[in-house]
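Going down the list, the protein sequences come from chains A and B. For the first sequence, our numbering assigns the number 1 to the initial residue and increments by one for each residue that follows. For the second sequence, our numbering assigns the number 300 to the initial residue and increments by one for each residue that follows. Idealized CB from N, CA, C, for every residue including glycine. Beneath this line is the structure, given in structure tokens, with notes to follow.
Number of protein chains: 2
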Amino acid sequence: MSKSNNVYKDAYNRCLRLLGETRNLPSEPELGTLLGVSRTTVRSILTRMEETGLIAWAKRSKTVLRDPTPEDFFPEEETDTLAEIIERSFMRRLLAGGAEAGMQINELELAREIGVGTTSVREFLIRFSRFGLIEKRRNSHWVLKGFTRAFALELTEIREMFELRSAAAFVALPPDSPVWADLERLEAEHHVLAGEIATRFNAFSELDERFHRLIHSASRNRFIVDFYDVIAMIFHYHYQWNKAQERERNEVAIGEHLVYIAALKSRDPGKVDAACRKHLKSARQTLLSSIPEGRQPQP
Amino acid sequence: MSKSNNVYKDAYNRCLRLLGETRNLPSEPELGTLLGVSRTTVRSILTRMEETGLIAWAKRSKTVLRDPTPEDFFPEEETDTLAEIIERSFMRRLLAGGAEAGMQINELELAREIGVGTTSVREFLIRFSRFGLIEKRRNSHWVLKGFTRAFALELTEIREMFELRSAAAFVALPPDSPVWADLERLEAEHHVLAGEIATRFNAFSELDERFHRLIHSASRNRFIVDFYDVIAMIFHYHYQWNKAQERERNEVAIGEHLVYIAALKSRDPGKVDAACRKHLKSARQTLLSSIPEGRQPQP
DNA sequence: AAAATGTTTTTTCCCGATAAAAGACATTAC
DNA sequence: GTAATGTCTTTTATCGGGAAAAAACATTTT
Numbered sequence: 001m002s003k004s005n006n007v008y009k010d011a012y013n014r015c016l017r018l019l020g021e022t023r024n025l026p027s028e029p030e031l032g033t034l035l036g037v038s039r040t041t042v043r044s045i046l047t048r049m050e051e052t053g054l055i056a057w058a059k060r061s062k063t064v065l066r067d068p069t070p071e072d073f074f075p076e077e078e079t080d081t082l083a084e085i086i087e088r089s090f091m092r093r094l095l096a097g098g099a100e101a102g103m104q105i106n107e108l109e110l111a112r113e114i115g116v117g118t119t120s121v122r123e124f125l126i127r128f129s130r131f132g133l134i135e136k137r138r139n140s141h142w143v144l145k146g147f148t149r150a151f152a153l154e155l156t157e158i159r160e161m162f163e164l165r166s167a168a169a170f171v172a173l174p175p176d177s178p179v180w181a182d183l184e185r186l187e188a189e190h191h192v193l194a195g196e197i198a199t200r201f202n203a204f205s206e207l208d209e210r211f212h213r214l215i216h217s218a219s220r221n222r223f224i225v226d227f228y229d230v231i232a233m234i235f236h237y238h239y240q241w242n243k244a245q246e247r248e249r250n251e252v253a254i255g256e257h258l259v260y261i262a263a264l265k266s267r268d269p270g271k272v273d274a275a276c277r278k279h280l281k282s283a284r285q286t287l288l289s290s291i292p293e294g295r296q297p298q299p
Numbered sequence: 300m301s302k303s304n305n306v307y308k309d310a311y312n313r314c315l316r317l318l319g320e321t322r323n324l325p326s327e328p329e330l331g332t333l334l335g336v337s338r339t340t341v342r343s344i345l346t347r348m349e350e351t352g353l354i355a356w357a358k359r360s361k362t363v364l365r366d367p368t369p370e371d372f373f374p375e376e377e378t379d380t381l382a383e384i385i386e387r388s389f390m391r392r393l394l395a396g397g398a399e400a401g402m403q404i405n406e407l408e409l410a411r412e413i414g415v416g417t418t419s420v421r422e423f424l425i426r427f428s429r430f431g432l433i434e435k436r437r438n439s440h441w442v443l444k445g446f447t448r449a450f451a452l453e454l455t456e457i458r459e460m461f462e463l464r465s466a467a468a469f470v471a472l473p474p475d476s477p478v479w480a481d482l483e484r485l486e487a488e489h490h491v492l493a494g495e496i497a498t499r500f501n502a503f504s505e506l507d508e509r510f511h512r513l514i515h516s517a518s519r520n521r522f523i524v525d526f527y528d529v530i531a532m533i534f535h536y537h538y539q540w541n542k543a544q545e546r547e548r549n550e551v552a553i554g555e556h557l558v559y560i561a562a563l564k565s566r567d568p569g570k571v572d573a574a575c576r577k578h579l580k581s582a583r584q585t586l587l588s589s590i591p592e593g594r595q596p597q598p
């Protein structure tokens, strides 16, 4: 077995959800762009849907015969990319204790443990190395640098530099720029979430990322935009890991975001700078407080 | 053939150079650390040196029998890493015209052209992607973003941000920090090079990198330090590519460096900021002037 | 007993091969 | 004649295998 068909399975599942909405499916190329896959994959999906009696398919006509049942879906875990599987396993090991800084990382062992080939693990480690948590020894093993306090400080230092600059660039954008509409929409979503904070307070993580990515995009600098991948990755796992006072933290953050958004809309650089600094400071505090090691004694 | 023995060949060549200096070689572990390879490789080297009559080897005694001749050395091209070979080929293609932005990159074609396996090319592209010149389309090809004016501007924007901050951190370092000695040494090298500029003006590239890396190291931030890899890579190929007015440019740069170094030694943040800005500005000009495309009409 | 050498095991690096997925070309339908 | 479908080709994603290199273990030497 050389390659799993997770692309097909994932697209198939997403296509099933489309089935409930229409009586007839669109053309193959249209479905392809809709699902983000090639026509080859679209045709595999249609073939199976015909076989399982979901649709009647003859050339251009693709009539929906019945609504999909839960059994029609492929299991969630079969739709993941290998890269996602490896990343999850790796991060679980890294965060679930026993991951001391300086520890060696063994490609072969990782591959065997996860049940994948070494090539995939190697490629993952190379991609992952840009996050600054691991380092390669030439012709030898990888070294874990660890999710330490130093790491968090270095990360936030860059983040603050980049976000302050991006926020300043944001207010300088012309009024007809589409970012203002995006900002408006995000503000509305913040208000909605603020109302439902009691029940959906974990949905904040995703909104947070979209908000900050929008601001970073104003920098029009690929290195700044790309750097947000590092932050997003860390926060993604951080949110999963550190559930302490999650609700309060998110409530505070939503409040800070709303002030920040108001400042951006005012187009007053001073206000923006202040709001941005305030939010970044509390974000840093949140991150730092979740790192057990290195809690230096306060004199 | 699954793996070339370039590590062995490169270490062998370096070991040959050691031969001229001593009558007896040190112990195997010592040689290993000296050459940066494992004992396994050291023993392969010693075995061959014995076979070719360079040394007499019996357990601890490794007596040099004769000086190495040019024929003893492995050819230079056999000592390169696969990664180096691929990078060179790739950059040659990229810089030697015909590399339009938006162009597709074909792993298989690249691999065939260079004469290596696809895995190595894939790994190279993944590593290379952090330089911001290429981008991956999920489940599909890579896209060349091109060495454009926009790229150069985005790169220098970050560079300036990082270096100004690093330089500011530099002057704040305590007087007993080893960086001051390093700086002193670099200053001396600059003076030497300034004197020999007529004959060795291309040695500047290497000195330039060491100087800026020293400054960046003062940031004590892995992201800033790592970012210099991007700059170094671009400048490396830029120096090879753009030989126009090389001597004058380097002369100017050496002068700017010396002012910059003096400012650092004065520990006066204002002076440092000014010297740093001035140098970075001319570095940016040099880089921009070498990019043909986008030479906007001057009104 | 500390440090070297001798020997064996493990890991990294890289290739070729193969199924999945994308893409290109040919043909048909409207 | 444009846009779809049908068919064929190319490329990507991934694995297993094997040589190079590292690392671990055992034995000898000083």
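When beta bridges are read from the DSSP output, Asn405 (chain B) appears opposite no residue. Per DSSP, Thr52 (chain A) lies in no alpha helix (DSSP H) segment and is marked neither H nor E.
The beta carbons of Leu186 (chain A) and Arg210 (chain A) sit about 7 Å from each other, so the pair counts as a contact at 8 Å.
Take the alpha-carbon of Leu95 (chain A) and the one of Ala111 (chain A): they are about 18 Å apart.
At a cut-off of 8 Å between beta carbons, Glu462 (chain B) makes no contact with chain A. At a cut-off of 8 Å, the C-beta of Arg338 (chain B) has no neighbouring C-beta in chain A. If you look at Leu258 (chain A), you'll find it isn't in any beta strand (DSSP E); it sits in the alpha helix (DSSP H) that goes 246-266. Contact annotation for Arg426 (chain B) against chain A: Ile126 [CB-CB distance below 7 Å, chain order]. Per DSSP, Thr118 (chain A) is one residue of the alpha helix (DSSP H) stretching across 118-128. For Thr585 (chain B), the enclosing alpha helix (DSSP H) begins and ends at 568-588. If you compare the alpha carbons of A:Glu256, A:Ser27, A:Val272, A:Leu46 with that of His191 (chain A), the shortest gap goes to A:Glu256. Legend: CB atoms of the region 149-173 of chain A lying less than 9 Å from CB atoms of chain B belong to residues Ala150, Phe151, Leu153, Glu154, Leu155, Glu157, Ile158, Met161, Phe162, Arg165. Around Arg421 (chain B), the beta-carbon contacts reaching into chain A at under 8 Å are Glu123. Taken in chain order, the whole alpha helix (DSSP H) runs of length 4 or more contained in the region 134-217 of chain A are 149-171, 179-195, 197-200, 204-217. In terms of Cβ geometry, Met402 (chain B) and Leu443 (chain B) form a close pair [threshold 8 Å]. Of all alpha-carbon atoms in A:Ser61, A:Ile126, A:Leu183, A:Glu76, the one lying nearest the alpha-carbon of Glu87 (chain A) is that of A:Ile126. Here the C-alpha atom of Phe526 (chain B) lies approximately 25 Å from the C-alpha atom of Glu488 (chain B). Sequence-distant partners of Ile404 (chain B) (beyond 5 residues in either direction) whose C-beta falls short of 8 Å from its own C-beta, in its chain, are Leu424, Ile433, His440, Trp441, Val442, Leu443.
Between the region 375-382 of chain B and the region 303-319 of chain B, the count of Cβ pairs shorter than 8 Å is three or higher; the stretches touch. Just measuring C-alpha positions, the residue of B:Thr380, B:Arg392, B:Leu345 sitting nearest Ser303 (chain B) is B:Thr380. Look at Thr351 (chain B): its C-beta is not under 8 Å from any C-beta on chain A. In the structure shown, the three-state DSSP call for Val7 (chain A) is helix. Contact note: Thr418 (chain B) reaches chain A through Thr119, using a C-beta cutoff of 7 Å and chain order.
At a Cβ-Cβ threshold of 8 Å, Phe223 (chain A) and Ile457 (chain B) count as neighbours. If you look at Ser89 (chain A), you'll find it isn't in any beta strand (DSSP E); it sits in the alpha helix (DSSP H) that goes 82-95. The Cβ of Asn13 (chain A) sits no closer than 8 Å to any Cβ of chain B. In terms of Cβ geometry, Val306 (chain B) and Glu327 (chain B) do not form a close pair [threshold 8 Å].
At least one beta carbon of chain B lies nearer than 8 Å to the beta carbon of Asp226 (chain A). In the three-state scheme derived from DSSP, where H, G and I count as helix and E and B as strand, Ser360 (chain B) is classed as strand. Contact annotation for Arg521 (chain B) against chain A: Gly132, Glu154 [CB-CB distance below 7 Å, chain order]. When DSSP states are grouped into helix, strand and coil, Asn242 (chain A) belongs to the coil group. For Val116 (chain A), not one C-beta of chain B is nearer than 8 Å to its own C-beta.
Contact with chain B is found for Val7 (chain A), since one of that chain's Cβ atoms lies less than 8 Å from the residue's Cβ.
The beta carbon of Gly352 (chain B) sits closer than 8 Å to the beta carbons of Leu364, Arg365 from its chain, once the five residues preceding and following it are set aside; these are given in chain order. When Cβ-Cβ separations below 8 Å define contact, Asn438 (chain B) makes contact with chain A.
Boundaries of the alpha helix (DSSP H) around Thr33 (chain A): 28-35.
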